[in-house]
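Peer 1: Under my numbering, think of the first position of the sequence shown as 10, with each following residue one higher. Take a look at the following structure, please.
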Amino acid sequence: MKILGYAVGLVLFTTIFNFAIAQEIGSVKVNDNIHIITGKGGNIGLLIGEDGTFLIDDKFAPMNDAIMAEIKKLGGSTPRFVINTHYHGDHTGGNDKLGKMGSTIISHANARERMSKDAFIKAFNKTVPAKSREGLPVITFTRDISFHLNGKTVNVIHVPSAHTDGDSFIHFRDENVIHTGDAMFNGFYPFIDVPHGGTVKGMISAVDQILALANDDTKIIPGHGPLASKSDLTGFRTMLATVQERLGKLKAEGKTATQAIAEKPLADLDKEWSDGLFKTDRWIEIIYDGI
């Protein structure tokens, strides 16, 4: 009876957990064709048109039904194409279901390689299991790839050694909209997956590439956080450059991460940037090997 009670309790907990996640889904209109699907996990980009629905990332697996309901509410259908900006589970969790539904999944070759095997993410002490066959990208690229649909040109551009070693950002050229993937966290310190190829310097380079395509009217969808502007992205870049300079100096002096943290090198940035995933000391600990 105890085992039965535990099993029933586990099923109930899982049902409530999945329902709670699903309820967090919402959307923000960027323009007539493009929306952001918000909620737990990375921001989803959505392009809707007569040639089919184009999706950027797909959050966590339990959110799939709610995401599909939101897409249909906005006038879309089962995604024809799904772009994964990188391999992390809060951006690729829906791959398995979408692949089974017939969506064509695309990513950089390195991102697919990461998805094809179990990955241990040290910063969160968590193992992300490999994707099923249906959840793996069926098309990969090494530098960039372009789509021509719904009367628009969509460019997907790889940025090396940024958030991971398999990141891409998406430029809706005709719409003046850019989805940065996790090359930008709007308003707080970004997670940089150093063991899987991420570096602060690579993040700065990725932001520079995005800024080169942006103007004052560009709408920027960050991997996490609210819709941004070029000014927001410029501020994010300034923060990253300051971090690279200060921590780089300490590392060049031979200081360990613990010694660097003790010097409080980012104290003046705390108020603006540490109200997110990580407080400053923990963030330095995570990124220091990637300086």
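Using N, Cα and C, we set each Cβ at its ideal position, and we do this for glycine too. Owing to the predicted nature of the structure, the values given are computational and were not obtained by experimental measurement.
Tell me which residue opens and which closes the beta strand (DSSP E) that S155 is part of.
Peer 2: Counting along the chain, the beta strand (DSSP E) containing S155 begins and ends at 153-158.
Peer 1: With respect to the beta strand (DSSP E) encompassing L55, which residues constitute its N-terminal and C-terminal limits?
Peer 2: Here the beta strand (DSSP E) through L55 covers 53-56.
Peer 1: Return helix, strand or coil for F28, following the three-state DSSP convention.
Peer 2: Caution is warranted here: a pLDDT of 40 is assigned to F28, below 50, making its placement in the model unreliable, and the coordinate value is therefore given only provisionally. The answer is helix: DSSP assigns F28 an H, G or I state.
Peer 1: How is the alpha helix (DSSP H) around A221 delimited, first residue to last?
Peer 2: Its alpha helix (DSSP H) spans residues 209-222.
Peer 1: Quick one: what does DSSP say H117 is sitting in, helix, strand or coil?
Peer 2: Strand.
Peer 1: Closest by CA to G263, which one among D298, H233, K239?
Peer 2: With distances taken between Cα atoms, G263 lies closest to D298.
Peer 1: Out of T208, G58, L242, N93, state which residue places its alpha-carbon closest to the alpha-carbon of G257.
Peer 2: For the residues T208, G58, L242, N93, the minimum Cα distance to G257 belongs to T208.
Peer 1: When the Cα atoms are used, what is the spatial distance from V252 to K109?
Peer 2: So the alpha carbons of these two residues sit roughly 43 Å apart.
Peer 1: In angstroms, rounded to a whole number, what distance separates the CA positions of L55 and A118?
Peer 2: One C-alpha to the other measures close to 22 Å.
Peer 1: S155: buried (16+ other C-beta within 10 angstroms of its C-beta) or exposed?
Peer 2: It counts as exposed.
Peer 1: With DSSP as the reference, identify every bridge partner of A237, one or two as the case may be.
Peer 2: Bridge partners of A237: I229.
Peer 1: Would you call F181 buried or exposed, if buried means 16 or more other Cβ atoms sit within 10 Å of its Cβ?
Peer 2: Buried, since its Cβ has 16 or more Cβ neighbours within 10 Å.
Peer 1: Could you give the distance in angstroms between the alpha-carbon of H97 and the alpha-carbon of G84?
Peer 2: Those two C-alpha atoms are separated by around 28 Å.
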